[in-house]
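See below for the structure under consideration.
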Amino acid sequence: MPQFAKLLTHLLDGEEPPGAEVRFGVPGDVRTLHLVGRPVVATDGLVWSVHLIARDLTAQVRSRQRLAATRRQSERLREEAAAERRVASLLWEAPLPTRPAELAGIGLSVAAAYVPAESEAAVGGDWHKCRLLPDGRGLLAIGDACGHGLGAVALRPCDLLLLYADGMAERRGEDITSGIANLCTVLKECTGLTAREALDRIMAAYTPETHEDDTCLLAVRLD
1 MPQFAKLLTH
11 LLDGEEPPGA
21 EVRFGVPGDV
31 RTLHLVGRPV
41 VATDGLVWSV
51 HLIARDLTAQ
61 VRSRQRLAAT
71 RRQSERLREE
81 AAAERRVASL
91 LWEAPLPTRP
101 AELAGIGLSV
111 AAAYVPAESE
121 AAVGGDWHKC
131 RLLPDGRGLL
141 AIGDACGHGL
151 GAVALRPCDL
161 LLLYADGMAE
171 RRGEDITSGI
181 ANLCTVLKEC
191 TGLTAREALD
201 RIMAAYTPET
211 HEDDTCLLAV
221 RLD
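Take 1 as the starting number for the sequence shown in UniProt numbering and just add one per residue.
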């Protein structure tokens, strides 16, 4: 125990060092003590005894260690979750790109959004694809790879087209026709908005806590 030996050395030299924290093993356990000492000096100037006060810090030390371990674990989980979200986002967007510049050439402006069923998830079974085909036509597609019923539906108010996966209209404890009616109501308010503005308006009215499935939306404006 280097700290204990150092403390005793100072005491035997007649000094009053600051306290020292020492650890030592006992059968099946490791204890931590805080020691404070004072030398008793005889008339000849030599130390003839040492007074020590020991305080058991084992419980406090273990508490600090548990707290530090919890913090490290929490930080690691946050880093892992952030990494998973980044990877999931790349995996979802890489094979399914939205190419607004290409589509603008044929009079279409497009905006897409994805909302997972679980807040911890960044990707799910719903998907979309928007691209310009070699023959000059535009490809707009949306679907549900997980097979939760109706894959995708389209609504159109005037020159705005909304493609959405079934999770957008399905609500817990509510008939899907009611969900579609609510979506139509919001969509009517989007007349005259750009594709991105319309999508933002729809997402603002979306309440994830009442939905059980993830959803994907594709707003297309015919310019």
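Ideal Cβ positions, reconstructed from N, Cα and C, are used throughout, including at glycine.
What are the boundary residues of the alpha helix (DSSP H) that residue i is part of?
i	result
Pro2	2-12
Once the 5 residues before and after residue i are set aside, which same chain residues still bring their CB inside 7 Å of it?
i	result
Met203	Ala113
Thr215	Val115, Asp126, Tyr164, Ala165, Gly167, Met168
Leu140	Cys130, Leu163, Leu218, Val220
Starting from the C-beta of residue i, find all residues in its chain whose C-beta is less than 6 Å away, skip the five residues before and the five after it, and write them out in chain order.
i	result
Leu218	Ala112, His128, Ile142, Leu163
His34	Gly19, Glu21, Arg55, Leu57
Taking the C-alpha atoms as reference points, what is the distance between residue i and residue j?
i	j	result
Ala169	Ala59	55 Å
Leu96	Val30	Any reading at Leu96 must be qualified, since the residue scores a pLDDT of 48, below 50, and its modelled position is unreliable; the value itself is stated next. Each residue's alpha carbon lies about 57 Å from the other.
Ala121	Arg62	A caution first: Ala121 carries a pLDDT of 47, below 50, which makes its placement in the model unreliable, though a value can still be read off. Approximately 35 Å, taken between the alpha carbons.
Ala94	Ala181	Since pLDDT at Ala94 reaches only 48, below the 50 mark, its modelled position is unreliable, and the value read off the structure follows with that caveat. Approximately 33 Å between the Cα atoms of the pair.
Thr177	Leu183	10 Å
Gly192	Val110	14 Å
Leu67	Glu75	12 Å
Leu7	Gly37	8 Å
Asp135	Cys190	31 Å
residue 231	Pro157	Examination of residue 231 is not possible in this model, given that the chain is present from 1 through 223 alone.
Glu15	Ala5	14 Å
Going by other Cβ atoms of all chains shown within 10 Å of its Cβ, with 16 needed for buried, is residue i buried or exposed?
i	result
Thr9	exposed
Arg71	exposed
Ala83	exposed
Ala195	buried
residue 224	There is no way to answer for residue 224, as the model of the chain reaches only from 1 to 223.
Counting only the same chain and skipping the five closest in sequence on each side, list residues whose C-beta sits under 8 Å from that of residue i.
i	result
Val186	Arg201, Ile202, Ala205
Trp48	Val40, Val41, Ala42
Can you give me the start and stop residues for the beta strand (DSSP E) that residue i sits inside?
i	result
Ala42	Here Ala42 belongs to no beta strand (DSSP E), and DSSP marks it neither H nor E.
Leu108	108-115
Arg55	47-56
Arg23	20-26
Quick one: does the C-beta of residue i sit closer than 7 Å to a heavy atom of the ligand PLP?
i	result
His128	In terms of ligand content, the structure shown is empty, and the ligand PLP therefore cannot be addressed.
Unbroken stretches of the beta strand (DSSP E), 3 residues or longer, contained in the UniProt domain "PPM-type phosphatase" (153-222): 160-165, 215-222
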